[in-house]
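Chemist: Would you mind keeping the following structure in view while I ask a few things?
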Amino acid sequence: MRVAILNPSFGENFVRVARWAAKSRGRVQRHPEYLLTAAQVLRDQGHAVAFIEAAARNFTEEQTYAIVEEFHPDLLVIHATTPSIYSDIEQAKVIKNKTHCKVAFVGQHVTAEVGNTFKISEGVVDYILRREYDYILRDLANLVPVPEILGLSWKNGMELIHNPDRPPLDVNTLPFPAWDLIKPEWYPDAGKKFPFLTLMTGRGCNNACSFCRDPQLMYGHHTRSRDAGKVVDEIEYDLKIHPQIREIMFETDTFAADSKHVIDVCGEILRRGLHKKISFSCNMRVDTDLSVLPLMKQAGVRMLMVGYEFGYNEALKAVNKGNVTIQISRKFTETARKLGFTIHGCFMIGAPGETRETAQRTIDFAKALPLDTIQITGIAVYPGTRMYNWAKEHNYLIAHDWRDWLTAEREQKTLLSYPQLSNKEIDEFIDKGLKEFYLRPRQMFNMLLSIRSWGDFLRKLYGLKAFVDYFNKKVSSKNKPSSCSTCS
Numbered sequence: 209m210r211v212a213i214l215n216p217s218f219g220e221n222f223v224r225v226a227r228w229a230a231k232s233r234g235r236v237q238r239h240p241e242y243l244l245t246a247a248q249v250l251r252d253q254g255h256a257v258a259f260i261e262a263a264a265r266n267f268t269e270e271q272t273y274a275i276v277e278e279f280h281p282d283l284l285v286i287h288a289t290t291p292s293i294y295s296d297i298e299q300a301k302v303i304k305n306k307t308h309c310k311v312a313f314v315g316q317h318v319t320a321e322v323g324n325t326f327k328i329s330e331g332v333v334d335y336i337l338r339r340e341y342d343y344i345l346r347d348l349a350n351l352v353p354v355p356e357i358l359g360l361s362w363k364n365g366m367e368l369i370h371n372p373d374r375p376p377l378d379v380n381t382l383p384f385p386a387w388d389l390i391k392p393e394w395y396p397d398a399g400k401k402f403p404f405l406t407l408m409t410g411r412g413c414n415n416a417c418s419f420c421r422d423p424q425l426m427y428g429h430h431t432r433s434r435d436a437g438k439v440v441d442e443i444e445y446d447l448k449i450h451p452q453i454r455e456i457m458f459e460t461d462t463f464a465a466d467s468k469h470v471i472d473v474c475g476e477i478l479r480r481g482l483h484k485k486i487s488f489s490c491n492m493r494v495d496t497d498l499s500v501l502p503l504m505k506q507a508g509v510r511m512l513m514v515g516y517e518f519g520y521n522e523a524l525k526a527v528n529k530g531n532v533t534i535q536i537s538r539k540f541t542e543t544a545r546k547l548g549f550t551i552h553g554c555f556m557i558g559a560p561g562e563t564r565e566t567a568q569r570t571i572d573f574a575k576a577l578p579l580d581t582i583q584i585t586g587i588a589v590y591p592g593t594r595m596y597n598w599a600k601e602h603n604y605l606i607a608h609d610w611r612d613w614l615t616a617e618r619e620q621k622t623l624l625s626y627p628q629l630s631n632k633e634i635d636e637f638i639d640k641g642l643k644e645f646y647l648r649p650r651q652m653f654n655m656l657l658s659i660r661s662w663g664d665f666l667r668k669l670y671g672l673k674a675f676v677d678y679f680n681k682k683v684s685s686k687n688k689p690s691s692c693s694t695c696s
């Protein structure tokens with residue numbers, strides 16, 4: 209079968225596969241590792257696969273249509289997102305009319321909103337592959353009878369049919385992503401050494417944060433770690449496919465969730481000498497076993513992307529961050545800083561019960577920690593999550609249509625509004641926090657001191673340009689009258 213996998217564009221620099229589908233404040237792009245893993249599953253089965261990276265390359269819709277029509281697929285697979293769903297359907301409709309292919313949608317949004325997606329697609333979407341789609345797609349391409357494919361939703365005339373759920377797959381059976389179908393240079397990020405690739409050391413997360421979308425909708429609340437040997441085999445594979453890469457980001461929700469896994473992976477990296485060839489970065493929780501940090505540093509882990517979230521314990525409890533506390537956050541940061549890690553802090557404004565005073569406490573907490581860089585967002589409230597259901601139940605969700613998830617410029621937009629703190633005020637605190645953190649003379653001086661190579665300079669320059677571009681767009685959007693109430 210001929211299968212086209214499309215990561216569609218949705219305006220300039222739209223980041224489709226990130227945890228927040230939007231034009232990011234840092235103007236970064238994310239690698240579509242899940243789509244490329246599925247692509248390799250199909251190739252291993254002998255199917256012809258075309259991957260169209262329209263999002264990262266900012267293709268026009270006409271460019272996308274021309275590429276897909278030339279390939280002439282039997283099946284079109286689209287990763288759909290909440291804010292882009294209407295555009296995704298429209299692009300699928302045009303391609304379907306041109307090629308007469310079947311259309312399958314994958315991703316978090318359609319998993320949460322199966323019925324609505326079929327309804328608004330008006331016959332365009334033939335299949336929705338719920339949750340992990342790698343082997344659902346394989347079965348579909350292999351022409352397994354549709355009623356027998358676990359995890360598939362489909363229409364039989366006017367009847368909507370949900371086949372039984374598919375059990376979580378064995379991550380050690382998956383192939384490496386088809387990285388030959390993309391170029392790492394398409395994915396800028398001021399925090400990573402450039403160019404870089406992402407790598408999944410497993411799927412799922414043992415934690416149950418109420419806002420976090422992927423464990424709730426895609427990969428479950430149980431960490432499934434890959435064998436250390438396979439993880440490090442993939443590092444060597446990545447370097448063979450793209451020898452120019454300078455860093456690998458372990459994009460797993462929490463790389464250090466399992467201490468033994470970390471020890472095994474780092475030990476294998478050291479045994480093969482890969483720490484001398486490339487550096488690593490990873491996502492971390494502050495309640496990590498601190499004893500693994502020295503080994504991680506020895507194995508070449510350079511930067512930690514740390515989910516601090518909030519600067520006071522009540523907010524951490526409100527979003528179900530488990531046993532994480534401000535005290536634990538401070539101890540983790542002190543230990544990581546002494547070991548010489550670069551630390552990127554991830555923070556949010558808008559927890560249940562948030563006030564102007566508590567929002568400022570989070571900003572002050574971020575400034576008090578010895579962090580190299582930070583990001584601040586509102587809570588990304590996505591359908592299918594406990595946070596979304598809670599917000600709807602209490603009438604705190606201001607969005608009434610999927611188009612409301614972003615601003616008119618496709619930037620991130622706060623969707624929660626409380627009686628004591630409006631969505632507009634939350635957005636103001638986000639911008640206030642970014643300015644207060646980065647515009648401190650000490651912080652700017654430390655960032656200049658961290659430049660030790662031409663690559664470091666270029667990354668810092670890209671980050672500065674992203675910072676200026678974001679705030680320039682904020683000023684211009686405030687001065688531009690809105691013609692649409694849902695885009696204000």
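According to our numbering, the sequence shown is numbered sequentially starting from 209.
Ideal Cβ positions, reconstructed from N, Cα and C, are used throughout, including at glycine.
#1: From which residue to which residue does the alpha helix (DSSP H) around V314 run?
#2: What would DSSP say about E617, mapped onto helix, strand or coil?
#3: With DSSP as the reference, label I336 as helix, strand or coil.
#4: R374: which of G365, I357, H430, V225 sits nearest, CA to CA?
#5: Measuring straight from C-alpha to C-alpha, what distance separates S691 and A616?
#6: Judging by CA-CA distance, which residue of Q248, R265, D252, Q253 is the nearest neighbour of V223?
#7: Does the separation of the CB atoms of V285 and L377 fall below 8 Å?
#8: What is the DSSP secondary structure of T694, counted as helix, strand or coil?
#9: Got a sec, what are the start and stop residues for the alpha helix (DSSP H) K539 sits in?
#10: What three-state label does DSSP hand M492 in the structure shown?
#11: Could you check which residue in Y341, M492, K310 has the C-alpha nearest to that of V318?
#12: On the three-state DSSP scale, how would you describe P689?
#13: Let me know the secondary structure DSSP gives Q248 once reduced to three states.
#14: Give the DSSP-derived three-state secondary structure of Y520 in the structure shown.
#15: Looking only at C-alpha atoms, which of Q583, A247, R611 sits nearest to L389?
#16: Based on the DSSP secondary-structure assignment, which residues constitute the bridge partners of K391?
#17: Counting along the chain, where does the beta strand (DSSP E) carrying E585 start and finish?
#18: G254 by DSSP, collapsed to three states: which one?
#19: Rounded to the nearest angstrom, what separates D609 and E562 at their Cα positions?
#20: Looking at the strands, I want to know which residues DSSP matches up with K575.
#21: Do you know how far the Cα of H469 is from the Cα of N415?
#22: Contact between the stretch 318-329 and the stretch 221-235: three or more CB pairs below 8 Å?
#23: Under 8 Å by Cβ, that's how I've got G515 and C554 pegged, so tell me the actual separation to the nearest angstrom.
#24: Among the residues of its own chain, which have a CB less than 7 Å from the CB of S693, if the five just before and after it don't count?
#25: Which of helix, strand or coil does DSSP assign to F384?
#26: Which class does R594 belong to by DSSP, given the choice of helix, strand or coil?
#27: Quick check: what's the CA-CA separation for A526 versus T462?
#28: Between Y445 and F384, which are expected to be in contact by the criterion C-beta below 8 Å, what is the C-beta distance as a whole number of angstroms?
#29: So which of A398, L629, Y596 has the shortest CA-CA distance to F665?
#30: In chain order, what residues of the same chain lie with their CB nearer than 8 Å to the CB of E199, ignoring the 5 residues before and after it?
#31: So is K621 buried or exposed if we call it buried at 16+ other beta carbons inside 10 Å?
Modeler: So, from the listed chains and residues:
#1: V314 -> not in any alpha helix (DSSP H); beta strand (DSSP E) instead, spanning 310-314.
#2: coil
#3: strand
#4: I357
#5: Unreliable placement is indicated for S691, whose pLDDT of 39 sits below 50; no coordinate value is reported for it.
#6: R265
#7: no
#8: Only weak support exists for where T694 lies, its pLDDT of 31 falling under 50; the value from the coordinates is given anyway. Three-state DSSP puts T694 in a helix.
#9: 534-547
#10: strand
#11: Y341
#12: Residue confidence is low: P689 scores 45 on pLDDT, short of 50, so the model does not pin down where it sits. Its coordinate-derived value is still stated next. The three-state secondary structure of P689, taken from DSSP, is coil.
#13: helix
#14: Coil at Y520, not helix or strand.
#15: A247
#16: Checking the DSSP bridge columns, you'll see K391 has no partner listed.
#17: The question names Glu, but residue 585 in the sequence shown is Thr. Counting along the chain, the beta strand (DSSP E) containing T585 begins and ends at 581-586.
#18: coil
#19: Rounded to whole angstroms, D609 to E562 spans 25 Å at the Cα level.
#20: In DSSP, K575 forms no bridge with anything.
#21: 17 Å
#22: no
#23: 5 Å
#24: Summary for S693: the model assigns pLDDT 33, below 50, so the residue's position carries little reliability, and this model does not support an answer.
#25: coil
#26: helix
#27: 20 Å
#28: 5 Å
#29: A398
#30: Because the chain in this structure spans residues 209 to 696, residue 199 falls outside the shown range and cannot be described.
#31: buried
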